[in-house]
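Enquirer:
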Amino acid sequence: DAKTTQPNSMESNEEEPVHLPCNHSTISGTDYIHWYRQLPSQGPEYVIHGLTSNVNNRMASLAIAEDRKSSTLILHRATLRDAAVYYCILGYYKLSFGAGTTVTVRA
Amino acid sequence: EAGVAQSPRYKIIEKRQSVAFWCNPISGHATLYWYQQILGQGPKLLIQFQNNGVVDDSQLPKDRFSAERLKGVDSTLKIQPAKLEDSAVYLCASSYSGTSGGSYNEQFFGPGTRLTVL
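Each protein sequence line maps, in turn, to chains A and B. Start counting the first sequence at 1; every next residue gets the next number (this note's numbering). Start counting the second sequence at 1001; every next residue gets the next number (this note's numbering).
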């Protein structure tokens, strides 16, 4: 499985944007970039995914570098409910979770 | 729509005992996954079913873990005998289809079962 590198933790203030980076220099041409998040004491939930182009949905935006070796998940206005572990995952249908980035949102 | 259901939510057992977890996926979802999540780590895939057949069980410790998905709907995961290192949260997930080309199928996770082995 191709590997991703994420910061261990990030802090943000409520109602400010959060930019979560992910490096994946060994990504293959068929690998999707998936983002899932896990709120405390819950199972992971899907956030967004992309292949080559930037993507937007109601939860977040995904910006993918032109060479696909890195990507950034953007939460446009963080709320306290966005405090979670965010996982950047490569692959097609199989999800191999790393340790993720723990996001803390300050009120 | 109803989400992925798991039971029990919590279980405490002594080492060398056996334990079973149950999962009911979202209706119509052909693919079912079991993950193990040790404290401080991301979930690790143990086994993936497509309908009632096993697609991937490469990381399932088959000497003590077993899983089945009779009739291609709900599933059970069993550990026999349990070891201290099996203490973890066991997550079940489902997706409409796990391996079909073309359309993306996100995984939906249940709340998990927290197992403590003493």
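We treat Cβ as the ideally placed atom computed from N, Cα and C, and that holds for glycine. The structure presented is a predicted model; accordingly, all values stated were derived computationally and were not measured.
(1) Select from B:Ile1079, B:Pro1043, B:Asp1063 and B:Lys1044 the residue whose C-alpha is nearest the C-alpha of B:Ser1018.
(2) Which same chain residues, not among the five before or five after A:Ala65, have their C-beta less than 8 Å away from its C-beta?
(3) Closer than 8 Å is the cut-off here; do at least three beta carbon pairs connect the region 1069-1087 of chain B with the region 1010-1026 of chain B?
(4) For the beta strand (DSSP E) containing B:Lys1078, list its first residue and its last residue.
(5) Taking 7 Å as the threshold (C-beta atoms), are B:Ala1020 and B:Ile1047 in contact?
(6) If you count every other CB in all the chains shown that lies within 10 Å of the CB of B:Gly1040, and 16 or more means buried, which is it?
(7) Grab me the residues of A:Thr52's own chain with a C-beta within less than 7 Å of its C-beta, minus the 5 sequence neighbours each way, in chain order.
(8) Short check: CB of A:Gly43 to CB of B:Gly1003, under 7 Å?
(9) Quick one: is B:Leu1115 near chain A, going by C-beta distance under 7 Å?
(10) Mapping the DSSP letters down to three states, classify A:Gly50 as helix, strand or coil.
(11) Strictly below 9 Å CB to CB, what residues from chain C border B:Phe1021?
(12) Would the beta-carbon of B:Leu1060 fall within 7 Å of that of B:Lys1015?
(13) Which of the three DSSP states, helix, strand or coil, is assigned to B:Glu1085?
(14) To which residues of the same chain is B:Ile1038 closer than 6 Å at the C-beta, ignoring the five residues directly before and after it?
(15) So the beta strand (DSSP E) A:Val85 belongs to, where does it begin and stop?
(16) Verify whether the separation of the beta carbon atoms of B:Leu1045 and B:Arg1069 is less than 7 Å.
(17) Taking the alpha carbon of B:Ala1005 as the reference point, which residue from B:Asn1052, B:Ser1094 and B:Tyr1104 has its own alpha carbon closest?
Expert: With the structure as the only source:
(1) Looking up residue 1018 of chain B in the second sequence gives position 18. The shortest Cα separation from B:Ser1018 among B:Ile1079, B:Pro1043, B:Asp1063 and B:Lys1044 belongs to B:Ile1079.
(2) For the purposes of this step, residue 65 of chain A is taken as the residue at position 65 of the first sequence. Cβ within range, chain order: Ser71.
(3) yes
(4) The count along the second sequence starts at 1 and reaches residue 1078 of chain B at position 78. Element bounds for B:Lys1078: Ser1075 to Ile1079.
(5) Here the question's residue 1047 of chain B lines up with position 47 in the second sequence. Here the question's residue 1020 of chain B lines up with position 20 in the second sequence. No, Cβ-Cβ distance for B:Ile1047 and B:Ala1020 is not below 7 Å.
(6) Sequence index remark: in the second sequence, residue 1040 of chain B carries index 40 (1-based). Its Cβ having fewer than 16 others within 10 Å, B:Gly1040 is exposed.
(7) Here residue 52 of chain A is taken as the residue at index 52 of the first sequence, counted from 1. If we look at A:Thr52 and ignore the five residues flanking it on each side, its Cβ neighbours are Ile64 and Arg68.
(8) One-based indexing of the first sequence puts residue 43 of chain A at position 43. One-based indexing of the second sequence puts residue 1003 of chain B at position 3. In this structure, B:Gly1003 does not lie closer than 7 Å to A:Gly43 by Cβ.
(9) Counting from 1 along the second sequence, the entry for residue 1115 of chain B is found at position 115. By this cut-off, B:Leu1115 is not an interface position.
(10) Here residue 50 of chain A corresponds to residue number 50 of the first sequence, with the count starting at 1. It is a strand residue.
(11) In the structure shown, chain C does not exist; the protein chains are A and B.
(12) Here residue 1060 of chain B is taken as the residue at index 60 of the second sequence, counted from 1. Here residue 1015 of chain B is taken as the residue at index 15 of the second sequence, counted from 1. For B:Leu1060 and B:Lys1015, no; Cβs fall outside 7 Å.
(13) Here residue 1085 of chain B refers to the residue found at position 85 of the second sequence. It is helical.
(14) As a working mapping, residue 1038 of chain B is identified with position 38 in the second sequence. If we look at B:Ile1038 and ignore the five residues flanking it on each side, its Cβ neighbours are Ala1088.
(15) Position 85 of the first sequence, counted from the start, is the residue given in the question as residue 85 of chain A. Residues Ala84 to Gly91.
(16) Taking the second sequence and counting its residues from 1, the one referred to as residue 1045 of chain B is at position 45. Taking the second sequence and counting its residues from 1, the one referred to as residue 1069 of chain B is at position 69. Not in contact: B:Leu1045 and B:Arg1069 (Cβ atoms no closer than 7 Å).
(17) Translated into the one-based positions of the second sequence, residue 1005 of chain B becomes position 5. The residue with the shortest Cα to Cα distance from B:Ala1005 is B:Ser1094.
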